[in-house]
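One line per chain: the protein sequences are A and B, in this order.
For reference, each letter of the first sequence is one residue, going 48 to 373 in my numbering.
For reference, each letter of the second sequence is one residue, going 48 to 373 in my numbering.
Where is the CB? At the ideal position from N, CA and C, for every residue including glycine.
All figures in this text were calculated on a predicted structure; none of them were measured in a lab.
Report on the structure given below.
2 protein chains.
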Amino acid sequence: MSIIQAEHIMLNDPAHTRVNFESQYDHGSAFISGTYVDLDHAAIPMSDLGFMQADACYDVVSVSKGFLFRLDDHLERFETACSKFRLTNPYSKEETTEILTNLIKMAGTKEAYVWWAVTRGDMPEGKGRIDPNAYVNRFYAFVVPYLFIANDQQRTQGIDLMVSKEFIRIPPESVDPTAKNFHWMDLKLALFEASDNKYDWSVLCDADGYLTEAPGSNIFLIKDGVLFTPDSGCLEGITRKTTLDLADELGITARVEKVNVNQLFDADEAFLTSTAGGIMPINSVDQKLLGGEAGPGEITTTLHNLYWTKRWAGWKGTPVDFTTQE
Amino acid sequence: MSIIQAEHIMLNDPAHTRVNFESQYDHGSAFISGTYVDLDHAAIPMSDLGFMQADACYDVVSVSKGFLFRLDDHLERFETACSKFRLTNPYSKEETTEILTNLIKMAGTKEAYVWWAVTRGDMPEGKGRIDPNAYVNRFYAFVVPYLFIANDQQRTQGIDLMVSKEFIRIPPESVDPTAKNFHWMDLKLALFEASDNKYDWSVLCDADGYLTEAPGSNIFLIKDGVLFTPDSGCLEGITRKTTLDLADELGITARVEKVNVNQLFDADEAFLTSTAGGIMPINSVDQKLLGGEAGPGEITTTLHNLYWTKRWAGWKGTPVDFTTQE
């Protein structure tokens, strides 16, 4: 199989990416209650229902070579998530963009992980908890230097994946996964299950054995040159969308539909996608090597390299102007 | 039908309950990172995964007439929840009891709502997120004056309940509801759905139409003198357990088993149970009056009154010594 080029994974060296090493925001910058602070001092009220009841939605966008990637898509998805959860972002898209951009400049890195959320806020005093209009929603954000959620070996050699046996993904009829949210316990415990069994990562099915998503990432498989990814039960990831765009550009047929877990075992290739990782090859599923040999598949590698090549050229990017002081 | 005695619901008047009105902990007391603070200044790190990923478990115990109710049962349940979520309480049961007792004394109220949680803590630096042992778990707690989650009218006249049409409860195969947790979005949106339709409260079913639980409470129904409550898909509430104890004392047959939602429509009586509300009668379900007339049923009223009579006499209570200064 193919080898992912080393030059594409060398983003973790801060010497190449940090603009300002003497920043007071050494571990990251944060925005809370209208104020910019360093991440080490960013705190939220214990009484915020975003904490006590996971009553919030969030989004994450990445910055690479100083370009915010598909910012409009992230802002649009976030607005939809707020709407689905009956939350109101106190800031407009323009104001949100300004806050996030300021945080990136403060963090002083051209490779950044940019997180923001709107929470329900405190339980309304003297009013019922039942009225969604009685709450004052809150906005929080932070920026840290970009970190891949897969390590260098996993991103070059491929991930050894486990299909979770103990957990199914929270179904859309309970909590809509297309509205990015804090409900992660199924994902976390499935990760620990993978760790217990010496795997790198896990993927969760629904109650009927159809693939949904992996912790923090979407899943794709390739069979006989055709790309498959689940159409439901998962986040509509921006990297997932980008992968479908790239497949289209490459003339690869893509099918977005229900995908049974057995199709994964039988796949020629597979990979995960994530804002915090790009396109990450899968080496094996439940110890079965995909395509009969170790390492990333050909199509996976082609998609991976095209993804980073285009991103680094500023494709769908919003440049951050680091020359102006914040 | 029966009328719940007014004397049993007059707990909300702080003049009867506050020991110390001049306390600096006017809105409540909190414990965070080993320090006692007033609740208004209690904050948690934005980076705590208890916030970002609802990666935590919690419990709530109440104080009435200065007695902590069934504290050992709550501590035991919390320890089990930690174990199920692979969290470790940094404090022993004895230390946890001491912290909670100190907080109650600081809050200066003999009628208290006592909340505590253990969170996953921050993402471990330089280690994989996949290893549960790489995290340093954190303990948080707060105490506020007791507030009923049902208002006086609901608790005397009965709750007008809606069976959620839009949401099912998160299934145990995703997140175990017997481990009390922050995954509340399904419950919250079902509450808002009830509000939209002019109901007081909602109850959620599982995917097969069996009753699970209502936001913050368990559900019981009575048919031909027999008590029914779901055996799965819900928190094993301490007030639920207490209700089963009281039924046993009164010679009422109780069946803990799968309960179809149609049994609720056909019930003679029904009620919700909660630490933050005791036994709360249901007046109607989807606009159908239970038992054919308005108001709490006979057995519900008997259980309700026995519950508070016994609690106020210190049954299963741990007295808080307010004479020693904290």
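Compare the C-beta of residue i against all C-beta atoms of chain A and say whether one is closer than 8 Å.
i: residue 230 of chain B; result: yes
i: residue 91 of chain B; result: yes
i: residue 122 of chain B; result: no
i: residue 233 of chain B; result: yes
i: residue 125 of chain B; result: no
i: residue 206 of chain B; result: no
i: residue 329 of chain B; result: no
i: residue 308 of chain B; result: no
i: residue 118 of chain B; result: no
i: residue 79 of chain B; result: yes
i: residue 215 of chain B; result: yes
i: residue 353 of chain B; result: no
i: residue 133 of chain B; result: yes
i: residue 69 of chain B; result: Unreliable positioning characterises residue 69 of chain B in this predicted model, as indicated by a pLDDT of 48, which lies under 50. The coordinate reading is nonetheless provided below. Cβ-Cβ to chain A under 8 Å: no for residue 69 of chain B.
i: residue 147 of chain B; result: no
i: residue 83 of chain B; result: no
How long is the line joining the alpha carbons of residue i and residue j, rounded to whole angstroms?
i: residue 124 of chain B; j: residue 226 of chain B; result: 8 Å
i: residue 222 of chain B; j: residue 253 of chain B; result: 13 Å
i: residue 189 of chain A; j: residue 200 of chain B; result: 44 Å
i: residue 311 of chain B; j: residue 261 of chain B; result: 13 Å
i: residue 220 of chain B; j: residue 167 of chain B; result: 21 Å
i: residue 118 of chain B; j: residue 368 of chain B; result: 15 Å
i: residue 281 of chain A; j: residue 163 of chain B; result: 32 Å
i: residue 335 of chain B; j: residue 237 of chain B; result: 19 Å
i: residue 271 of chain A; j: residue 339 of chain A; result: 14 Å
i: residue 264 of chain B; j: residue 202 of chain B; result: 14 Å
i: residue 212 of chain A; j: residue 309 of chain A; result: 14 Å
i: residue 292 of chain B; j: residue 276 of chain A; result: 51 Å
i: residue 83 of chain B; j: residue 343 of chain B; result: 42 Å
i: residue 326 of chain A; j: residue 132 of chain A; result: 29 Å
i: residue 381 of chain B; j: residue 142 of chain B; result: No information on residue 381 of chain B is available, as it lies outside the stretch 48 to 373 that chain B covers here.
Is the CB of residue i under 8 Å away from at least one CB in chain B?
i: residue 195 of chain A; result: no
i: residue 178 of chain A; result: yes
i: residue 100 of chain A; result: yes
i: residue 218 of chain A; result: yes
i: residue 239 of chain A; result: yes
i: residue 284 of chain A; result: no
i: residue 222 of chain A; result: yes
i: residue 86 of chain A; result: yes
Since I believe residue j is in contact with residue i (beta carbons under 8 Å), could you give me their beta-carbon distance rounded to a whole number of angstroms?
i: residue 154 of chain A; j: residue 108 of chain A; result: Contact doesn't hold; Cβ gap of about 13 Å is too wide.
i: residue 306 of chain A; j: residue 317 of chain A; result: Their Cβ separation, rounded to whole angstroms, is 10 Å, which puts residue 306 of chain A and residue 317 of chain A out of contact at 8 Å.
i: residue 178 of chain A; j: residue 249 of chain B; result: With 8 Å as the limit, residue 178 of chain A and residue 249 of chain B do not qualify as a contact, their Cβ atoms being about 13 Å apart.
i: residue 232 of chain A; j: residue 228 of chain B; result: 6 Å
Quick one: grab the DSSP three-state call for residue i.
i: residue 314 of chain B; result: coil
i: residue 302 of chain B; result: strand
i: residue 188 of chain B; result: strand
i: residue 215 of chain A; result: strand
i: residue 179 of chain B; result: helix
i: residue 279 of chain B; result: coil
i: residue 95 of chain A; result: coil
i: residue 73 of chain B; result: coil
i: residue 235 of chain B; result: helix
i: residue 433 of chain B; result: Past the boundaries of the shown model lies residue 433 of chain B; chain B is included only from 48 to 373, so the question cannot be answered.
i: residue 335 of chain B; result: strand
i: residue 292 of chain A; result: helix
i: residue 380 of chain A; result: Examination of residue 380 of chain A is not possible in this model, given that chain A is present from 48 through 373 alone.
i: residue 68 of chain B; result: At residue 68 of chain B the pLDDT is 43, less than 50, meaning the model places this residue with poor confidence and gives no usable figure here.
i: residue 308 of chain A; result: helix
i: residue 243 of chain A; result: helix
i: residue 85 of chain A; result: strand
i: residue 208 of chain B; result: strand
What first and last residue would you give for the beta strand (DSSP E) that runs through residue i?
i: residue 330 of chain B; result: 325–332
i: residue 162 of chain B; result: 159–166
i: residue 260 of chain B; result: 258–260
i: residue 269 of chain B; result: 265–270
i: residue 370 of chain B; result: Looking at the DSSP string, residue 370 of chain B is not in any beta strand (DSSP E), and its letter there is neither H nor E.
i: residue 250 of chain B; result: 248–252
Hey, could you find the ends of the alpha helix (DSSP H) residue i is sitting in?
i: residue 152 of chain B; result: 140–154
i: residue 109 of chain A; result: No alpha helix (DSSP H) contains residue 109 of chain A, which is instead part of the beta strand (DSSP E) from 103–111.
i: residue 364 of chain A; result: That residue, residue 364 of chain A, is in no alpha helix (DSSP H); its beta strand (DSSP E) goes 364–366.
i: residue 359 of chain B; result: 345–359
i: residue 125 of chain A; result: 118–131
i: residue 169 of chain B; result: Segment: none, residue 169 of chain B is in no alpha helix (DSSP H) and carries neither H nor E.
i: residue 203 of chain B; result: 199–204
Below 7 Å, is the gap between the Cβ of residue i and the nearest heavy atom of the ligand ZN?
i: residue 256 of chain B; result: Although the ligand ZN was asked about, the structure shown includes no ligands whatsoever.
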